[in-house]
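Colleague:
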Amino acid sequence: MIQRALLDTRRAVRNALRHAALPGTAALSGTAALSGTADPSGTAEPPGGVRPGVAAPAPRPLVLVALSGGADSLALAAAVAHEAPRLGLSAGAVIVDHGLQRDAAAVAGTAADLARGLGLAPVRLVGVRVTDDGDGPEAAARAARYDALARTAEAERAAAILTAHTRDDQAEQVLLGLARGSGSRSLAGIPPARELAPGVAILRPFLAADPAITRAVTEAACAEQGLAFWRDPHNADPAYARARVRTRVLPVLERELGPGVAAALARSADLAREDAEAFDVMVEEQIEEIVEPAEAGIAVSAAALAANPAALRHRIIRRVAEAEFGIGLGREHTLAIAALVTAWRGQGPLHVPGILVTRDRGRIVFTGAPGARSGMEE
Ligand SMILES: Nc1ncnc2c1ncn2[C@@H]1O[C@H](COP(=O)(O)OP(=O)(O)OP(=O)(O)O)[C@@H](O)[C@H]1O
């Protein structure tokens, strides 16, 4: 029997690892290894150990799979265990125990056993305390998890953490962003790769694949390898917005609009990401040109802001507030500041949370309100 899902997951991992520009290493191309220790055979040391007079081989760069024990990350772990040695990499796993469910420790222990059974090493089981600061239990668990992943990667000197987000996760994320009324950065959804911490990348091979790997494929890949995966009861718990999108909203859309909605949403994310990246570059270029320090703050040329299309003008305003004062402006406040440029009729100073904005001699001047952080980020 052709194990198609297994092969798809392995190909996704192989491509992601080959093309990753992992921190501290060069991007793999073809069979060349990250650190110059290319070893498609998977045997880094010569038989009999290191030869006299020959420098010991550099340790293989380490990648760590973020493993929950669910189908997605178990399929990823199996694919990484197979592919990493062939690319001159070593591969381990991190399992985060959020301690949120009664059987959490047992689930984490089983996942760790499965990882060891796949040949991953090291396998790290990390317990975290989840404290909800008001953003909800999902966000609190995510923050604790990513913090633990970053700390473990640093402790193990890993070049990358790999997570198993699928096309279905991406579609759900885009729908949630749409429902919130977000811009292209948020609609871009979950990035296939980004920096997790200084010197540590986070890679999502199933999202980077073309076409992206679906949840159905990860489940099939587990079945093809006889891997028993855990089903997280939270995934079907209607208390969680993401679970409602997964179990109720997307099935309705697929039924009413036809199959392919999830794929289309994931494609929208890719398009939005391209737009967002282009805007980021344009905003930085504009900021270099039209922003200057002002007493106790920063000033932007009103004429230059006016000359830009709204999409850029609004992004420049938001970027200045974020970089200079650490404040994320909402749509309403952004438009109010933009009106000092586009609908100028001698308005007085504008108070937005943490910032005072005035128009003064052809410049829009941003000044920190008491307590606001100040200083444009590098
Ligand atoms: N307990 C865990 N331990 C280690 N890794 C985990 C754990 N839970 C999830 N992950 C990793 O995160 C990926 C996404 O999981 P999930 O969709 O549940 O996360 P999420 O809450 O949506 O957060 P985010 O999408 O921001 O990672 C999984 O595929 C897996 O790689």
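Mapping to our numbering: the sequence shown position 163 is 179, numbers consecutive.
Idealized CB from N, CA, C, for every residue including glycine.
#1: Since VAL190 is in the beta strand (DSSP E), which residue starts that stretch and which ends it?
#2: At the level of alpha carbons, what is the spacing between ALA359 and ALA352?
#3: My output table needs one value for GLY153: the three-state DSSP class, helix, strand or coil.
#4: In the DSSP assignment, what residue or residues form a beta bridge with LEU80?
#5: Count the other CB atoms, across all protein chains shown, that sit within 10 Å of the CB of GLN363; report buried if there are 16 or more and exposed otherwise.
#6: Is the distance from the Cβ of ASP169 to the Cβ of LEU212 below 8 Å?
#7: Pick from GLY370, TYR162, ALA131: whose alpha carbon is nearest that of GLY143?
#8: When you compare only the Cα positions, how much space is there between HIS35 and ALA176?
#9: Keeping to the same chain, check which residues put their C-beta closer than 6 Å to that of VAL357; ignore five residues upstream and five downstream.
#10: With a cut-off of 8 Å, does the C-beta of ARG329 fall near any C-beta of chain C?
#11: Report all residues from its chain with a CB closer than 6 Å to the CB of ALA82; omit the five preceding and five following residues, and keep chain order.
#12: Ends of the beta strand (DSSP E) at ALA209?
#13: Is LEU83 a contact residue of ligand 1, with contact defined as CB to any heavy atom under 7 Å?
#14: Is ILE111 near ligand 1, with its Cβ less than 7 Å from a heavy atom?
#15: Would the beta-carbon of ARG260 be found less than 7 Å away from any heavy atom of ligand 1?
#16: How many Å lie between ARG375 and GLY205 at the Cα?
#17: Taking its Cβ as the centre, do 16 or more other Cβ atoms sit within 10 Å of ARG379, making it buried, or is it exposed?
Modeller: This is what the structure holds:
#1: From DSSP, VAL190 is part of no beta strand (DSSP E) but of the alpha helix (DSSP H) over 183-196.
#2: 9 Å
#3: Residue 153 is actually Pro in this sequence, not Gly. Look at PRO153 here: in three-state DSSP terms it is helix.
#4: GLY108, ILE177
#5: exposed
#6: Reading off the sequence shown, one finds Ala at residue 169, where the question assumed Asp. Taking 8 Å as the Cβ cut-off, ALA169 and LEU212 qualify as a contacting pair.
#7: TYR162
#8: 13 Å
#9: Hits under 6 Å: ALA318, LEU321, ALA322.
#10: Checking the listed chains, one finds no chain C in this structure; it contains a single protein chain.
#11: VAL110, LEU165, ILE177, THR179
#12: 209-213
#13: yes
#14: At least one heavy atom of ligand 1 sits closer than 7 Å to the Cβ of ILE111.
#15: no
#16: 36 Å
#17: buried
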